[in-house]
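**Student:**
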Amino acid sequence: MNQVEFYNHLISIGTNKKVASDHVSKLKRLENSICNCDMDEEYEKDKCATLLSLLVKNSGEEELKKVLIAPLPIGTYAMNTFRYSIKKYIEFRDLNHRR
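In this note's numbering, the protein residues as written are 2 to 100.
#1: Give the secondary structure of L56 by DSSP, where H, G and I count as helix, E and B as strand, and everything else as coil.
#2: Express the C-alpha separation of P74 and E92 in angstroms, rounding to a whole number.
#3: Any idea if L28 is buried or exposed, counting beta-carbon neighbours within 10 angstroms, 16 or more meaning buried?
#4: Looking at the structure shown, is L73 part of a helix, part of a strand, or coil, going by DSSP?
#5: Consult DSSP for I14 and reduce its assignment to one of helix, strand or coil.
#6: Determine, using beta carbons only, whether I12 and K19 come nearer to each other than 8 angstroms.
As structure tokens, this is what we get:
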């Protein structure tokens, strides 16, 4: 994931600096917590659909536990914030693909 470009994109669309930084941090945490997770590869594979399915409460939690290499707050509201950050990243990548 190109953290700088993603962060700059978020700032350019009016996102608060703290919130933009939080999005980048959440995606980095996912990459570091899930085995073989790379946001760019996940986007290229299926626009992060598989990754998002792992983060869905009750349906993806067991599969997520199988690929974790570091703890994540499974089953909590915080997982929603990870999904939201992924969706922001998808929007960023979609915009860059159209150019």
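Backbone N, C-alpha and C define an ideal beta-carbon position, used for all residues, glycine too. Only a predicted model underlies this, so the values are computations on that prediction, with no experimental measurement involved.
**Tutor:** In terms of the structure at hand:
#1: Residue state, collapsed to three classes: coil.
#2: A direct Cα-Cα distance of roughly 24 angstroms separates E92 from P74.
#3: Looking at its Cβ environment, which holds 16 or more other Cβ atoms inside 10 Å, L28 is buried.
#4: It is coil, neither helix nor strand.
#5: I14: coil per DSSP, three-state reduction.
#6: Going by C-beta atoms, I12 is not nearer than 8 angstroms to K19.
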